[in-house]
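Remarks on the structure that follows.
Protein chains: 2
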Amino acid sequence: MPRRKSMSEPSGFEIANRLFFRLYQCSNLLHKNGTRYMGDFGATTQQWAVLGALARPLVREKGMSVKDLIEFLMLSRQNLTAVLDRLEARDWVERVKDPEDGRSRLVRLTSEGNRTWDAMQGTIEAFYAQALTPLNDAEQVQLYQLLDRLRDGLNDV
Amino acid sequence: MPRRKSMSEPSGFEIANRLFFRLYQCSNLLHKNGTRYMGDFGATTQQWAVLGALARPLVREKGMSVKDLIEFLMLSRQNLTAVLDRLEARDWVERVKDPEDGRSRLVRLTSEGNRTWDAMQGTIEAFYAQALTPLNDAEQVQLYQLLDRLRDGLNDV
DNA sequence: TTTGATATGTCAATTTATTGATATAAAATT
DNA sequence: AATTTTATATCAATAAATTGACATATCAAA
Chain A
1 MPRRKSMSEP SGFEIANRLF FRLYQCSNLL HKNGTRYMGD FGATTQQWAV
51 LGALARPLVR EKGMSVKDLI EFLMLSRQNL TAVLDRLEAR DWVERVKDPE
101 DGRSRLVRLT SEGNRTWDAM QGTIEAFYAQ ALTPLNDAEQ VQLYQLLDRL
151 RDGLNDV
Chain B
158 MPRRKSMSEP SGFEIANRLF FRLYQCSNLL HKNGTRYMGD FGATTQQWAV
208 LGALARPLVR EKGMSVKDLI EFLMLSRQNL TAVLDRLEAR DWVERVKDPE
258 DGRSRLVRLT SEGNRTWDAM QGTIEAFYAQ ALTPLNDAEQ VQLYQLLDRL
308 RDGLNDV
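Laid out in structure tokens, this is it:
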């Protein structure tokens, strides 16, 4: 039988329950308010995540395979294909043949995609600043490190 | 100009970027692996969240209005209606007239919904335990308290 | 009592997200 | 050379998720 310091102290199950419910709420708000905040660009949080993955220093020139994008973003191939189709239709990304592997195609930002991503930075920065108002720098570091471990745990389930 | 202790230390923007990307990944994994884990019951994480809200001590008998559910779960009315329709079709929840407000309808678990929720508890507990393997008790408390604040920040954006 | 606010529902359009099955082409292995 | 694995794509079905517009019933207030 689990021992607790007092009756009012939550059990391990209750703590877990609160944790995942908060995660659920944050997830809903991130997509809802994040997409609304990006309204000027008409980009959803999903598209934002894909652009962000492709805009990273070493990826920006070479691009990234669909397989690596799936693993990085942690979503399904069928879903990512649809998102990439929409991004390609807007001329923000392009799929080019991988010179090192004929099966693979590299996804990368177009020049238009690069410009759009750069233009988004101010809005993203403002969104971050507003959403993180209740947390100071040390707490933000603490939170992302804890989320790191939670992600690993969720990934192994 | 921001002062940093060393060149390798991440800027405030980079910390925020990591934080929201981890949240994005955790969100994807929660829904993907959570729904898969609940496969035996055929319940998605959304349905799970609704059932959990309705199964809370003071709500279980009286039920809860759609309005309050929307605020609690932080999703849109149109979306919640569709989820409730599916849950009602499975005879897990029912909508009854609020005796105190003729405009309002109270959503509550059916007896079948109550049985299903109780039967789910073991699976939920196992899911929590597996996903939280990398975090000890104190870290779990720390994480849910930080997520609490992040939710408030995200809500005000 | 009329007027306005509230609670819910519905319809439409679009995007996201999953699993499962199937197909094709290229690489790697036997 | 034949087989297997890998990378991607596609089609289908289903569930979720948003905004916007509109409808209806009820409550509350002027």
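Top to bottom, those sequences are chains A and B. Okay, so the first sequence: first residue is 1 according to the working numbering, each after it adds one. Okay, so the second sequence: first residue is 158 according to the working numbering, each after it adds one. In this text, a Cβ means the ideal position worked out from N, Cα and C, and glycines have one as well. Remember, it's a predicted structure, so these values are computed and weren't measured experimentally.
Collapsing the DSSP output to three states places residue 252 of chain B in a strand.
Taking one beta carbon from each stretch, the stretch 16-29 of chain A and the stretch 176-190 of chain B have 3 or more pairs nearer than 8 Å; the two touch. Residues of the stretch 269-294 of chain B whose Cβ lies closer than 7 Å to any Cβ of chain A, in chain order: 282, 284, 285, 287, 288, 289, 290, 291, 292 and 294. Every alpha helix (DSSP H) stretch that sits fully inside the stretch 214-297 of chain B and reaches 4 residues is listed by chain position as 216-219, 223-230, 234-246 and 268-288. Against chain B, the beta carbon of residue 9 of chain A has no neighbour under 9 Å; the closest one sits roughly 10 Å away. At least one CB atom of chain A sits nearer than 8 Å to the CB of residue 177 of chain B.
Close partners of residue 232 of chain B in chain A (Cβ separation under 9 Å): 28 and 32.
Less than 8 Å separates the beta-carbon of residue 156 of chain A from that of residue 287 of chain B.
The stretch 226-234 of chain B makes no contact with the stretch 189-200 of chain B: fewer than 3 CB pairs, one atom from each, lie closer than 8 Å. Closest in alpha carbon position to residue 251 of chain B, among B/282, B/310 and B/242, is B/242.
When DSSP states are grouped into helix, strand and coil, residue 200 of chain B belongs to the coil group.
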